[in-house]
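Chains D and Z are the protein sequences, given in the same order.
Counting the first sequence from 1 gives a position; the numbering used here is that position plus 742.
In terms of the numbering used here, the second sequence has -2 at position 2, counting the first letter as 1, and numbering is strictly consecutive.
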Amino acid sequence: AQSVTQPDIHITVSEGASLELRCNYSYGATPYLFWYVQSPGQGLQLLLKYFSGDTLVQGIKGFEAEFKRSQSSFNLRKPSVHWSDAAEYFCAVGAISRVGATNKLIFGTGTLLAVQP
Amino acid sequence: NAGVMQNPRHLVRRRGQEARLRCSPMKGHSHVYWYRQLPEEGLKFMVYLQKENIIDESGMPKERFSAEFPKEGPSILRIQQVVRGDSAAYFCASSPATGGAKETQYFGPGTRLLVL
């Protein structure tokens, strides 16, 4: 079955420190992978996405993610965290529905990031 | 260019009432998706619609829930006879007409439903 696992429910980092959020997926074919960020009371904003090609993808706000097929992982990284990065981060895989080319997203349970001054 | 609009942002209903959630996709988008986020959980797919058609409703509960996306006007997610377990945040997303698995979905701010 298709699934996404985010093993860390909460992470706290100091401002200026590096960040890595883990994401593992289970999907039979080449996955379409996404990272979204959700600020409190807000909708989801796309940070970056991977479809094919270069396994290191760059996103907005200084984020990047690396696709590792051998580890079924798509970890999100940022070299230096800012206080405004405090939010909840969701990893998702785009799944093809049996009814056709449905871009159904399967989400992980999210990682809540806190940033200490 | 306005983003995905959802209203109301917050909705309070008593058990047994109906909840009606609205979603206006981004301009030029004709594909709409509804997701539900239960407390402490990630988003779960509910239904995928194109104009006047339900394409995939595999995530919809079998009873009390329905969705539509008419030729004119917003997409509507309707929950009849709400129960406390329906309390959640409901998010709508839209994508361009080309659709497909690679299309980015743009999310609205969500409707937070509270059932008393």
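Idealized CB from N, CA, C, for every residue including glycine.
On a predicted model such as this, the values are computed, not experimentally measured, just so you know.
| Check | Outcome |
| --- | --- |
| Closer than 7 Å at the beta carbon, the chain Z residues around D/ASN817 | The contacting residues do not exist; D/ASN817 stays about 17 Å from chain Z at best. |
| Three or more C-beta pairs below 8 Å linking the segment 780 to 799 of chain D and the segment 758 to 767 of chain D | no |
| Proximity winner among Z/MET1, Z/TYR44, Z/ARG80 and Z/CYS88, relative to Z/VAL8 (alpha-carbon distances) | Z/ARG80 |
| Residue range of the beta strand (DSSP E) that includes D/ILE751 | It is not in any beta strand (DSSP E) - D/ILE751 carries neither H nor E in the DSSP assignment. |
| Where the beta strand (DSSP E) containing Z/VAL43 begins and where it ends | 39 to 46 |
| Contact set for D/SER794: own chain, Cβ-Cβ below 8 Å, skip 5 residues either direction | THR772 |
| Beta-bridge pairing of Z/PHE61 - partner residues as DSSP gives them | Z/ILE75 |
| Chain Z contacts from the segment 761 to 795 of chain D (Cβ-Cβ distance under 9 Å) | TYR774, PHE776, TYR778, GLN780, GLY783, GLN784, GLY785, LEU786, GLN787, LEU788, LYS791 and PHE793 |
| Straight-line gap, Z/MET42 to Z/LYS23 (C-alpha atoms, nearest Å) | 22 Å |
| Z/LYS40 and Z/TYR29 closer than 9 Å at C-beta | no |
| Interface residues of chain D facing Z/THR107 [CB-CB closer than 7 Å] | None at all; the shortest Cβ gap to chain D is about 10 Å. |
| CB contact check: D/GLY850 to chain Z, cutoff 9 Å | yes |
| Residues in the segment 794 to 809 of chain D having any Cβ partner in chain Z nearer than 8 Å | none |
| Supposed close pair Z/ARG131, Z/ASN3 - CB separation, criterion 8 Å | This structure cannot settle anything about residue 131 of chain Z, because the visible part of chain Z is limited to -3 through 112. |
| Min CB distance D/GLN748 to chain Z below 9 Å | yes |
| Residue closest to D/VAL823, alpha-carbon to alpha-carbon, out of D/PRO859, D/CYS833, D/TYR774 and D/PRO749 | D/PRO859 |
| One or two residues paired with D/PRO821 in a DSSP bridge | According to DSSP, which records beta bridges pairwise, D/PRO821 is partnered with nothing at all. |
| Residue environment, D/LYS820, which counts as buried when at least 16 other CB atoms sit within 10 Å | buried |
| For D/CYS765: DSSP bridge partner residues | In DSSP, D/CYS765 forms no bridge with anything. |
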